[in-house]
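What follows is a short report on a single structure.
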Amino acid sequence: MWIQQKPNSPAALTDLQGHTVGLKFECNKCQTEVFTDLIGIPAADHLANSTEDDGQFETEEIKCPGCDMTHEITIKSTFDGVTFDVSDVAPDKVSYQVPPAEQH
Numbered sequence: 001m002w003i004q005q006k007p008n009s010p011a012a013l014t015d016l017q018g019h020t021v022g023l024k025f026e027c028n029k030c031q032t033e034v035f036t037d038l039i040g041i042p043a044a045d046h047l048a049n050s051t052e053d054d055g056q057f058e059t060e061e062i063k064c065p066g067c068d069m070t071h072e073i074t075i076k077s078t079f080d081g082v083t084f085d086v087s088d089v090a091p092d093k094v095s096y097q098v099p100p101a102e103q104h
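UniProt numbering applies: residue 1 is where the sequence shown begins, and numbers increase by one.
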């Protein structure tokens, strides 16, 4: 089941930490729907000195199959939750899902 990311509300860290997710989004250049391979969710940094420092990042690149535009995907985990940033794509146009075998 695909879950649409909310622009100002991160996904719950407890639901995603320790899992992998697939992302889908619409390419802003050619409007092709792009699906990623599974990407691991990094753990928030428990040794951080403040909530501003608690972020851990995972960065990937994916080429749009429709126009070969390269999109950079950044997954940030903080104690507030997980956000998925895809270059040149609005946050509310990004959806994610945990593979069925991994759901708890």
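All C-beta atoms in this analysis are idealised placements derived from N, C-alpha and C, irrespective of residue type, glycine included.
What you are looking at is a predicted structure, and each value in this text was computed from that prediction instead of being measured.
Compare the C-alpha of residue i against each of the options and name the closest.
i   : options                : result
I73 : K24, M1 and Q4         : K24
S87 : A101, Y96, S95 and T70 : T70
T59 : C27, T36 and F79       : T36
L13 : A44, D92 and C64       : A44
M1  : N28, G22, Q56 and F84  : G22
Counting along the chain, where does the beta strand (DSSP E) carrying residue i start and finish?
i   : result
D85 : G81 to V86
L16 : Note, L16: premise wrong, no beta strand (DSSP E); alpha helix (DSSP H) at L13 to L16.
T78 : T70 to T78
To the nearest angstrom, how far is the alpha carbon of residue i from that of residue j?
i   : j    : result
K76 : G18  : 13 Å
Q5  : C64  : 20 Å
I8  : A101 : The displayed chain sequence assigns Asn, not Ile, to residue 8. Each residue's Cα considered, the two are about 29 Å apart.
Return the bridge partner residues of residue i from the DSSP annotation.
i  : result
Q5 : The partner list for Q5 (beta bridge, DSSP) is empty, contrary to what the question assumes.
So, under 8 Å CB-CB, residue i and residue j are touching, yes? Tell me the CB distance rounded to an integer number of Å.
i   : j   : result
V94 : I62 : Actually they do not touch by this definition, with Cβ atoms about 12 Å apart.
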